[in-house]
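Scroll down for the structure; my scribbles are underneath it.
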Ligand code: SAH
Ligand code: SF4
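Numbering (my numbering), first residue to last: 62 to 503.
Structure, rendered in structure tokens:
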């Protein structure tokens with residue numbers, strides 16, 4: 062059968078979709094990017110904010126009209142896990158619903174789909190780590206590997222622990238095998254993923270040790286990881302990041318709010334002062350490190366004073382970049398029971414203020430990089446201007462640059478000559494290493 066998969070949400074969902082594609086291909090199915098010829102269409106969904114969920118539901122309804130009449134339509138992932146069989150009545154013509162711990166059943170679901178049979182598979186299994194799934198079939202230059210699933214943190218606003226279950230670490234041998242397989246397929250930059258990746262543990266292998274193990278893989282140029290929780294970013298880990306040559310100088314460390322009262326109600330288990338001290342230590346030990354974050358505006362009870370504390374923290378830390386969201390009530394979370402008392406217009410206004418502030422900070426940091434030399438992994442032609450290349454620096458910054466020859470896949474030294482708000486511009490000066498040469502083992 063020909064299968065079409067569309068993915069929404071975080072990198073973890075992208076990673077899950079890649080794993081499901083491998084399962085389907087090894088079960089004898091083929092993949093298609095053409096909706097019209099698909100026998101089975103599935104949407105891997107995100108429920109972290111209400112708008113993300115609404116977008117998925119809207120897309121499913123729209124897809125039903127686009128695909129062949131006898132093609133089966135399914136939803137998998139976090140919305141599937143949260144809503145279960147309710148989805149069958151929400152979306153007319155939906156054939157199957159598969160939750161986050163039931164992906165191993167997808168080849169069977171696909172096999173039997175499309176005969177009027179409605180199927181819902183949403184049992185949770187906190188031991189499922191998909192360790193025995195078939196290996197990857199394709200790789201991107203920069204790719205992702207899930208090393209953990211689930212989350213035990215129960216931040217009060219967050220639906221993730223409910224739809225992805227308890228925290229579990231993928232055995233380090235499995236991670237190693239997958240990273241090596243992706244390197245063989247052309248990956249040069251790996252991002253190790255987990256909702257709370259720094260609490261990784263497989264026996265005596267901590268996340269810091271896992272980084273050391275991955276660092277030894279030949280043919281791999283860079284290692285990144287996401288997402289870190291401030292409570293788990295240990296001294297051992299900071300030292301590992303500082304000491305391992307392939308681990309990039311970039312830490313994504315969501316702070317969410319600058320107000321201690323809000324942080325407490327968010328159940329984040331650190332104070333503003335803890336966070337500031339942690340960043341101080343990271344910057345002392347890892348020169349040139351980029352720090353990025355997530356911020357939520359309009360959490361229940363957020364006063365204008367609380368909000369000013371978030372702005373002042375952003376000014377104090379000067380993040381390289383930030384993802385900023387307005388609070389969205391998630392049914393079933395503990396904050397979902399609080400009075401959502403910040404008016405929508407205020408949430409939006411505050412969100413705009415954080416975005417403007419961050420834009421100014423990011424621009425100023427980028428301007429400070431003009432004239433410096435950055436190591437950039439060339440990814441491919443820029444989407445906006447195909448005559449120039451796009452790549453990322455070790456610190457994760459987007460760089461668009463002039464390069465006289467084809468250089469995708471190579472590490473290039475780029476002299477920064479200018480910047481816009483979120484992108485650096487530059488010119489290639491030297492190729493550091495020829496990573497396009499054939500992979501020589503591991
Ligand atoms: N595990 C990661 C990311 C989880 S979801 C972490 O702990 O940081 C990504 C981001 O979405 C969160 O960091 C948070 O900023 C945002 N988010 C999660 N739930 C939200 C909600 N109910 N409303 C608004 N933003 C939310
Ligand atoms: Fe959600 Fe908090 Fe877990 Fe991140 S750490 S996934 S925000 S509960």
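For glycine and all other residues, C-beta sits at the position ideal for the given N, C-alpha and C.
| message | What I want to know is whether the C-beta of residue 360 ends up closer than 6 Å to one or more non-hydrogen atoms of the ligand PLP. | response | As for the ligand PLP, it is missing from this structure, which binds only the ligand SAH and the ligand SF4.
| Which listed residue (223, 306 and 460) has its alpha carbon closest to that of residue 107 | Position 46 of the chain shown, counted from the first residue, corresponds to residue 107. Of the candidates 223, 306 and 460, the one whose C-alpha sits nearest the C-alpha of residue 107 is 223.
| Spatial distance of residue 166 from residue 172 (CA atoms) | Here the question's residue 166 lines up with position 105 in the chain shown. Here the question's residue 172 lines up with position 111 in the chain shown. Roughly 10 Å separates the two Cα atoms.
| query | Name the DSSP bridge partner or partners of residue 105? | reply | Residue 105 sits at position 44 when you count from the first residue of the chain shown. Residue 105 is bridged to 68 and 137.
| What residue range is occupied by the uninterrupted alpha helix (DSSP H) comprising residue 242? | Numbered from 1 along the chain shown, position 181 holds the residue referred to as residue 242. Per DSSP, residue 242 belongs to the alpha helix (DSSP H) from 233-245.
| said: Using C-beta distances below 8 Å, list every residue in its chain close to residue 232, excluding the 5 sequence neighbours before and after it, in chain order. | reply: Locating residue 232 in the chain shown gives position 171, counting from the first residue. So the qualifying residues of the chain are 190, 192 and 263.
| field | Start and end residues, alpha helix (DSSP H) containing residue 174 | value | Taking the chain shown and counting its residues from 1, the one referred to as residue 174 is at position 113. Run containing residue 174: none; DSSP gives neither H nor E here.
| For residue 63, which residues of its own chain have a beta-carbon under 7 Å away from its beta-carbon, when the five flanking residues on both sides are left out? | Within the chain shown, residue 63 is the residue found at index 2, counting from 1. If you ignore the 5 residues before and after residue 63, its C-beta comes within less than 7 Å of the C-beta of 91, 93, 98, 99 and 100, all in its own chain and listed in chain order.
| said: Which of the three DSSP states is assigned to residue 385 in this structure? | reply: Here the question's residue 385 lines up with position 324 in the chain shown. In the three-state scheme derived from DSSP, where H, G and I count as helix and E and B as strand, residue 385 is classed as strand.
| query | In whole angstroms, what separates the C-alpha of residue 313 from that of residue 385? | reply | Counting from 1 along the chain shown, the entry for residue 313 is found at position 252. Counting from 1 along the chain shown, the entry for residue 385 is found at position 324. Cα-Cα distance, rounded: 13 Å.
| So, helix, strand or coil for residue 407, using DSSP? | Against the chain shown, residue 407 aligns to sequence position 346. In the structure shown, residue 407 sits in a helix (DSSP, three-state: H, G or I).
| query | Mind listing, in chain order, the residues whose beta carbon lies closer than 6 Å to a non-hydrogen atom of the ligand SF4? | reply | 212, 214, 215, 216, 219, 221, 222, 256, 257 and 290
| Of the residues 320, 466, 255 and 139, which one's Cα is nearest the Cα of residue 332? | Here residue 332 is taken as the residue at index 271 of the chain shown, counted from 1. For the residues 320, 466, 255 and 139, the minimum Cα distance to residue 332 belongs to 320.
| task | Can you tell me which of the three DSSP states residue 472 falls into? | result | Residue mapping note: residue 472 aligns to position 411 of the chain shown, counting from 1. Per DSSP, reduced to three states, the secondary structure at residue 472 is strand.
| request: Please confirm whether residue 76 and residue 207 have their CB atoms less than 7 Å apart. | output: Here residue 76 refers to the residue found at position 15 when the chain shown is read from its first residue. Here residue 207 refers to the residue found at position 146 when the chain shown is read from its first residue. In this structure, residue 207 lies closer than 7 Å to residue 76 by Cβ.
| said: Taking the straight line between their C-alpha atoms, what separation do you get for residue 272 and residue 305? | reply: Walking along the chain shown from the start, residue 272 turns up at place 211. Walking along the chain shown from the start, residue 305 turns up at place 244. Cα to Cα, residue 272 sits roughly 8 Å from residue 305.
| task | Mind checking which residues open and close the alpha helix (DSSP H) that includes residue 268? | result | Translated into the one-based positions of the chain shown, residue 268 becomes position 207. That run of the alpha helix (DSSP H) goes 268-276.
| Taking buried to mean at least 16 other C-beta atoms within 10 Å of its own C-beta, is residue 215 buried or exposed? | The sequence position of residue 215 within the chain shown is 154, counting from 1. Exposed is the call here.
| message | Going by beta-carbon coordinates alone, are residue 316 and residue 354 separated by less than 7 Å? | response | One-based indexing of the chain shown puts residue 316 at position 255. One-based indexing of the chain shown puts residue 354 at position 293. Yes, these two residues count as a Cβ contact at 7 Å.
| Alpha carbon to alpha carbon, what distance is there between residue 161 and residue 225? | For the purposes of this step, residue 225 is identified with residue 164 of the chain shown, where counting begins at 1. For the purposes of this step, residue 161 is identified with residue 100 of the chain shown, where counting begins at 1. Straight-line Cα distance between these residues: approximately 6 Å.
| task | Can you tell me which of the three DSSP states residue 368 falls into? | result | Your numbering for residue 368 matches position 307 in the chain shown. Note: residue 368 maps to helix in three-state DSSP.
| field | Close Cβ partners of residue 149 (< 8 Å) along its chain, the five nearest in sequence each way excluded | value | On the chain shown, position 88 is the one that residue 149 refers to. Here the set comprises 155, 158, 179 and 181.
| task | Examine the ligand SAH and report whether any of its heavy atoms sits within less than 6 Å of the Cβ of residue 388. | result | In the chain shown, residue 388 corresponds to position 327, counting from 1. For residue 388, the shortest separation between its Cβ and any heavy atom of the ligand SAH lies below 6 Å.
| Are the beta-carbon atoms belonging to residue 237 and residue 204 less than 7 Å from one another? | Sequence index remark: in the chain shown, residue 237 carries index 176 (1-based). Sequence index remark: in the chain shown, residue 204 carries index 143 (1-based). Result no, Cβ atoms of residue 237 and residue 204 do not sit closer than 7 Å.
| message | Less than 6 Å separating the Cβ of residue 315 from some heavy atom of the ligand SAH? | response | The sequence position of residue 315 within the chain shown is 254, counting from 1. Yes, the Cβ of residue 315 comes within 6 Å of a heavy atom of the ligand SAH.
| message | Measuring CB atoms only, is the stretch 436-443 touching the stretch 193-203, in the sense that at least three cross pairs come out at less than 8 Å? | response | yes
| Any heavy atom of the ligand SAH closer than 6 Å to the Cβ of residue 391? | What you label residue 391 is simply residue 330 of the chain shown in a count that begins at 1. Result yes, Cβ under 6 Å from the ligand SAH.
| query | By Cβ distance below 6 Å, which residues in the same chain neighbour residue 105 in space, the five residues on each side in sequence not counted? | reply | Counted from its first residue, the chain shown places residue 105 at position 44. Around residue 105: 68, 74, 78, 137 and 138.
| Close Cβ partners of residue 286 (< 6 Å) along its chain, the five nearest in sequence each way excluded | For the purposes of this step, residue 286 is identified with residue 225 of the chain shown, where counting begins at 1. Here the set comprises 253 and 258.
| request: Determine the DSSP secondary structure at residue 81, reduced to helix, strand or coil. | output: On the chain shown, position 20 is the one that residue 81 refers to. Reduced to three states, the DSSP call for residue 81 is helix.
| query | Bridge partners of residue 287, per DSSP? | reply | Start at 1 with the first residue of the chain shown, and residue 287 comes out as number 226. In the DSSP output, where bridge partners are listed per residue, residue 287 has 254.
| task | Helix, strand or coil for residue 248, going by three-state DSSP, please let me know. | result | For the purposes of this step, residue 248 is taken as residue 187 along the chain shown, with counting starting at 1. Residue state for residue 248 is assigned as coil, using DSSP reduced to three classes.
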